[in-house]
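Numbering (full-length UniProt numbering), first residue to last: 1 to 342. Report on the following structure.
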């Protein structure tokens, strides 16, 4: 079932004859109302796949490649296990697939993953950053503490990448180069899980290669993790992420809180308006907001989970409709549009 289908994006020419693709028209997925007035909308695409990866519902162009950003991390983590990395705990595997907030426990665990491979923070290729967790960040600023690589939200992924290189006997130098054996294995694994070839490889915000996939491929890949048999690398990642959601995001973060609220749910957000989620036996959903913003993501995600994967509305209430404030009170709401069902 398709709520709105889109054809190929129109192309145009720029100086020098280079062909570029214009952004396709997309349905409104989110409405922002202030005092009853429709103030803004967020357009995008979304897809629902069944447990076997078949498309059961879509809105917008879900075959067009997007950059899933950190939503790729759970599938990427299976490549570290295939390379021979053996995390010492479920927490280590969870942070390898996470985008943590730089809280003390996050940094300590990423450092422990490195230490277990005989490495230190200086081996990390991700940029230095301040913690994303506001109280921790504020304490660092008051103390005059400089940004650190371990505080960067992708340091868990990078630590696991380096540990996988050590386990496989690959060089740790150049581990972020696209032609490095680790990155070749990750690219192949993402395409295999998605059921389609990687459409583009670019540089992500953390400096690692980032792989373009369709929303359908993204949903299929993450859905395959929760559907995998016990004892498989795919199921190990899914189980670790769901058992230890604080290491996937952090205190007060939506991915952590959603996985705590909905038993069995795997959720992973990505930068620039991407989110993916999967439930065993029910399938997976993926979305991309065209404006790349965060405001509309959880209303879309909650609507997809409720109307298409059968998650009870009560479990999703805090994310389904978010408030718009005015003065000292609430005067409106950010809510999913009718195209999403219900």
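Note that CB positions come from ideal geometry on N, CA and C, so glycine has one too.
Residues in its own chain within less than 7 Å of residue i by CB, not counting five upstream and five downstream?
i: residue 237; result: 74, 77, 78, 93, 97 and 225
i: residue 126; result: 149, 152, 154, 155, 158, 206 and 207
i: residue 182; result: 83, 161, 164, 165, 170 and 175
i: residue 325; result: 331
i: residue 118; result: 166
i: residue 69; result: 204, 210, 270, 271, 272 and 274
i: residue 415; result: It is not possible to answer for residue 415, since the shown part of the chain is limited to 1 through 342.
i: residue 71; result: 218, 268, 269, 270, 274, 275 and 276
i: residue 85; result: 160, 163, 164 and 167
i: residue 291; result: 42 and 273
Within its chain, find whatever has a CB closer than 8 Å to the CB of residue i; leave out the 5 residues flanking it on each side and keep chain order.
i: residue 28; result: 41, 42, 43, 337 and 339
i: residue 229; result: 235
i: residue 251; result: 101, 103 and 133
i: residue 146; result: 128
i: residue 293; result: 42 and 273
i: residue 114; result: 120, 121, 123, 124, 159, 162 and 163
Taking 6 Å as the limit between beta carbons, can you name the residues of its chain near residue i, skipping five residues before and five after?
i: residue 269; result: 255 and 275
i: residue 210; result: 67, 202 and 204
With distances taken Cα to Cα, identify the nearest neighbour of residue i among the options.
i: residue 81; options: 171, 324 and 162; result: 162
i: residue 346; options: 142, 223 and 48; result: A question about residue 346 goes unanswered here, because the residues of the chain that appear run from 1 up to 342.
i: residue 253; options: 103, 22, 35 and 329; result: 103
i: residue 50; options: 198, 328, 304 and 36; result: 304
i: residue 242; options: 250, 62, 259 and 231; result: 259
i: residue 129; options: 119, 141 and 261; result: 141
i: residue 267; options: 293, 239 and 292; result: 239
i: residue 245; options: 308, 105, 341 and 172; result: 105
i: residue 312; options: 273, 327, 265 and 328; result: 265
i: residue 122; options: 86, 173, 87 and 302; result: 173
i: residue 61; options: 232, 120, 24 and 116; result: 24
i: residue 214; options: 47, 116, 85 and 39; result: 47
i: residue 248; options: 301, 262, 309 and 99; result: 99
i: residue 52; options: 293, 327, 319 and 227; result: 227
i: residue 263; options: 54, 315 and 57; result: 315
i: residue 95; options: 86, 85, 88 and 110; result: 110
i: residue 261; options: 114, 231, 292 and 302; result: 302
Which whole-angstrom value describes the C-beta separation of residue i and residue j, a residue pair presumed to lie in contact below a C-beta threshold of 8 Å?
i: residue 221; j: residue 194; result: 5 Å
i: residue 132; j: residue 112; result: That belief does not hold up - the Cβ atoms of residue 132 and residue 112 are roughly 20 Å apart, past 8 Å.
i: residue 289; j: residue 296; result: 5 Å
i: residue 212; j: residue 200; result: 4 Å
i: residue 219; j: residue 286; result: 4 Å
i: residue 300; j: residue 30; result: 6 Å
i: residue 334; j: residue 55; result: Actually they do not touch by this definition, with Cβ atoms about 27 Å apart.
Mind checking who residue i pairs with in its DSSP beta bridge?
i: residue 405; result: Absent from the structure is residue 405, since the part of the chain shown begins at 1 and ends at 342.
i: residue 65; result: 214
i: residue 336; result: 30
i: residue 286; result: 47 and 276
i: residue 321; result: Answer is none; residue 321 lacks a bridge partner.
i: residue 329; result: 326
i: residue 40; result: 32
Check your understanding: Which whole runs of the alpha helix (DSSP H) in the stretch 104–181 are 4 residues long or more, in chain order?
Key -> 104–116, 134–143 and 155–168
Review point. Could you give the uninterrupted runs of the alpha helix (DSSP H) lying entirely in the stretch 201–277, keeping only those of 4 residues or more?
Key: 215–227, 233–243 and 254–261
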